[in-house]
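Undergrad: Got a structure here, written out as structure tokens. Questions coming.
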Amino acid sequence: MTIGPDTSLTELAFIVGSALHHAGICAVLSGGSAAAVYAPMENQSRDLDFILGYWSAFGVSAQCVTDLGFQERNGSYMHPGTSFTLEFPQGPLMIGSELITDWTTLRHDGMVLQILSPTDCVRDRLSWFLFYNSADYSALEQALAVAGRHEIDLAMIRAWAAANGASDRYAIFEARYLSGPPNG
Amino acid sequence: METIASGAIFGTATRTATLLLISMLGETHIGEIAVILGRSRSRIKDAVDGLEREGVIVGALEGTARRLRLNPRYVAAQELARLLNKLAINDVDLQKHLASVRRRPRRAGKTI
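If you read the protein sequences in the order shown, they are chains A and B.
Numbering follows this note's numbering, in which position 172 of the first sequence is assigned residue number 170; successive positions increment by one, without gaps.
Numbering follows this note's numbering, in which position 3 of the second sequence is assigned residue number 19; successive positions increment by one, without gaps.
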């Protein structure tokens, strides 16, 4: 598949995810780009964050990404055909101080994408809303969008928020989630 | 913007909206509140000064900005926080409005 101006974030995620997978690199799509794959939004992320699933003192080869036409600049990978950028933060995969060892594998047209599970994607987005000094309500909207379109473990998310002392602010999320359709 | 916060249960509409925003955001400053509510800095400053005088909120200088938050030592801090959270839960329009204002810093060099 060619990367061009019409390539969507989801298509690009699968293209890059497949290249990484075939190169034997364990990298999991996370952050706002994972939320955008689960629930495309108007103001969605332009950065695809693939978290390396393990730590390596030697790093990993970027060959499979440069083979797709991306070039590294200031830690980001850019492509002349698209405005989306790639980043590869060093793992391990964490939500707050919690190590994430299970994620979801999506398959489409013979391509593979390792991505946070919908529940962890919601937790990842909510962490910016619940725990950041200055609550990020765009992250709340992303969490609601994902939660509204995919099956999530609400009890687990509620318990996680409570265990981290954020029950009051979490109540804003749950009330919106239970009230109806995403963004409704 | 007109929201539930436009009510005047804490004296005036501006004062009520300011207090609700400080609660919803956790931490903010006068300039940000003015932009979000579409009101003048001087009106917000008057509201903030009044709330601070009564010990409901506290401000701390960080760099050049004075960061505002609810005062955890206020005599009815927990009750007030619970009431404001209830108002926040019901003000979905304000939640969505806040979502349109990007607040989290981006890594240096990233495009917006």
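Think of the CB as a built atom: it goes at the ideal place given N, C-alpha and C, for glycine as much as any other residue.
Rounded to whole angstroms, what's the CA-CA distance from ILE105 of chain B to ALA173 of chain A? Just pull it up for me.
TA: Taking the first residue of the second sequence as 1, we reach residue 105 of chain B at position 89. Taking the first residue of the first sequence as 1, we reach residue 173 of chain A at position 175. Going by the C-alpha atoms only, they are around 7 Å apart.
Undergrad: Label GLN88 of chain A either buried or exposed according to how many other C-beta atoms from any shown protein chain fall within 10 Å of its C-beta, with 16 as the threshold for buried.
TA: What you label residue 88 of chain A is simply residue 90 of the first sequence in a count that begins at 1. Burial call: exposed.
Undergrad: At the 8 Å Cβ level, is ILE44 of chain B part of the contact set with chain A, yes or no?
TA: The count along the second sequence starts at 1 and reaches residue 44 of chain B at position 28. The question names Ile, but residue 44 of chain B is Thr in the sequence shown. Taking Cβ atoms only, chain A reaches closer than 8 Å to THR44 of chain B, which makes this a yes.
Undergrad: How would you label PRO3 of chain A, buried or exposed, when you count the other beta carbons within 10 angstroms and need 16 or more for buried?
TA: Within the first sequence, numbered from 1, the residue matching residue 3 of chain A stands at position 5. PRO3 of chain A is exposed by the Cβ-count criterion.
Undergrad: For VAL74 of chain B, return the contacting residues in chain A, with the cut-off set at a CB-CB distance below 9 Å.
TA: Along the second sequence, one-based indexing puts residue 74 of chain B at 58. None at all; the shortest Cβ gap to chain A is about 14 Å.
Undergrad: Quick one: using the 10 Å Cβ neighbour count with 16 as the cut-off for buried, is GLU70 of chain A buried or exposed?
TA: On the first sequence, residue 70 of chain A is found 72 positions in, with the first residue counted as 1. When all chains shown are included, GLU70 of chain A counts as exposed.
Undergrad: On the CB-based measure, 16 or more other CB atoms within 10 Å of its CB, does GLN112 of chain A come out buried or exposed?
TA: Locating residue 112 of chain A in the first sequence gives position 114, where the first residue counts as 1. Looking at its Cβ environment, which holds 16 or more other Cβ atoms inside 10 Å, GLN112 of chain A is buried.
Undergrad: Mind checking the stretch 118 to 146 of chain A against chain B and listing, in chain order, the residues whose C-beta falls within less than 8 Å of any C-beta there?
TA: Answer set for the stretch 118 to 146 of chain A: TRP126, TYR130, ASN131, SER132, ALA133, ASP134, TYR135, SER136, ALA137, LEU138, GLU139.
Undergrad: Please determine, among A:SER136, A:THR5, A:LEU18, A:PHE86, the residue with the shortest C-alpha to C-alpha distance to MET39 of chain A.
TA: In the first sequence, residue 39 of chain A corresponds to position 41, counting from 1. That would be A:SER136, whose Cα lies nearest to the Cα of MET39 of chain A.
Undergrad: Quick test of your reading: MET109 of chain A and PHE12 of chain A, contact by CB under 8 Å. State the CB separation rounded to the nearest angstrom.
TA: Position 111 of the first sequence, counted from the first residue, corresponds to residue 109 of chain A. Position 14 of the first sequence, counted from the first residue, corresponds to residue 12 of chain A. Confirmed, Cβ separation roughly 4 Å.
Undergrad: For ILE150 of chain A and chain D, any beta-carbon pair shorter than 8 Å?
TA: Considering every chain present, this structure includes no chain D. Its protein chains are A and B.
Undergrad: For TYR75 of chain A, which of helix, strand or coil comes out of DSSP?
TA: What you label residue 75 of chain A is simply residue 77 of the first sequence in a count that begins at 1. Correct three-state label for TYR75 of chain A: strand.
Undergrad: Okay, do the stretch 45 to 59 of chain B and the stretch 139 to 154 of chain A touch, 3+ Cβ pairs below 8 Å being the bar?
TA: No, the stretch 45 to 59 of chain B does not touch the stretch 139 to 154 of chain A.
Undergrad: Mind pulling the alpha helix (DSSP H) runs of 4 or more residues that sit fully within the stretch 70 to 133 of chain A?
TA: List check, alpha helix (DSSP H) in window: 116 to 128.
Undergrad: Let's test the definition: count the other Cβ atoms within 10 Å of the Cβ of HIS20 of chain A and tell me whether it reaches 16, buried, or not, exposed.
TA: Here residue 20 of chain A refers to the residue found at position 22 when the first sequence is read from its first residue. It is exposed - the Cβ of HIS20 of chain A has fewer than 16 other Cβ atoms within 10 Å.
Undergrad: Alpha carbon to alpha carbon, how far is PHE56 of chain A from ASP65 of chain A?
TA: Residue 56 of chain A sits at position 58 when you count from the first residue of the first sequence. Residue 65 of chain A sits at position 67 when you count from the first residue of the first sequence. Only weak support is given to the placement of PHE56 of chain A: the predicted model assigns it a pLDDT of 48, under 50, and the question is left unresolved by the model.
Undergrad: When the Cα atoms are used, what is the spatial distance from GLY22 of chain A to LEU176 of chain A?
TA: Here residue 22 of chain A is taken as the residue at index 24 of the first sequence, counted from 1. Here residue 176 of chain A is taken as the residue at index 178 of the first sequence, counted from 1. Taking the straight line from one Cα to the other gives about 40 Å.
Undergrad: Identify, in the order they occur along the chain, each residue of the same chain with its Cβ nearer than 7 Å to the Cβ of LYS61 of chain B, setting aside the five sequence neighbours on each side.
TA: If you number the second sequence from 1, residue 61 of chain B lands on position 45. Result list for LYS61 of chain B: ILE46, in chain order.
Undergrad: Given a cut-off of 8 Å on the beta-carbon distance, is the pair SER132 of chain A and THR44 of chain B in contact?
TA: Locating residue 132 of chain A in the first sequence gives position 134, where the first residue counts as 1. Locating residue 44 of chain B in the second sequence gives position 28, where the first residue counts as 1. It is a contact, given that the beta carbons lie within the stated cut-off.
Undergrad: How would you write the range of the alpha helix (DSSP H) that PHE171 of chain A sits in, first residue to last?
TA: Taking the first residue of the first sequence as position 1, residue 171 of chain A is located at position 173. Residues 165 to 177.
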